Amino acid sequence: MIRILREAESRDEPVKDRCKRHNISEQTFYRGRNKFGGMDVADARRRKELESENDRLKRLIAEQMLVIDGLKEFSRKK
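Quick note, the sequence shown lines up with residues 912 to 989 if you use my numbering.
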């Protein structure tokens, strides 16, 4: 996506034609521009790593909440 955005900056080509050439929708292009505009490849890679870590931590918190709920339920039954 970043490569496509870089091309867009360097060429004077309509978005519709550019999207057709890369087999993406215009909505995908604009969404990518909003998300990755101004980033280089290293920035995008770092962002992806952070998003992955964030997802992992969210799953960990959800698991811990289930354990806590289970322990609370167990202690109520005693």
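Cβ atoms here follow ideal geometry from the backbone N, Cα and C, with glycine treated the same way.
Only a predicted model underlies this, so the values are computations on that prediction, with no experimental measurement involved.
Distance, residue j Cα to residue i Cα
i	j	result
Gly-948	Val-978	41 Å
Tyr-941	Glu-920	13 Å
Lys-931	Asn-945	19 Å
Asn-965	Ala-973	12 Å
Gln-975	Ile-935	40 Å
Lys-969	Ala-953	24 Å
Glu-960	Arg-922	30 Å
Ser-963	Asp-951	19 Å
Neighbourhood of residue i by C-beta, 6 Å cutoff - its chain only, sequence neighbours within 5 removed
i	result
Gly-943	Met-912
Ile-915	His-933
Neighbourhood of residue i by C-beta distance below 7 Å, restricted to the same chain and skipping five residues each side
i	result
Val-926	Glu-937, Phe-940
Arg-956	none
Discussion item. For a minimum of 4 consecutive residues, which ranges assigned as the alpha helix (DSSP H) are wholly contained in the segment 937 to 963?
Written reply: 937 to 947
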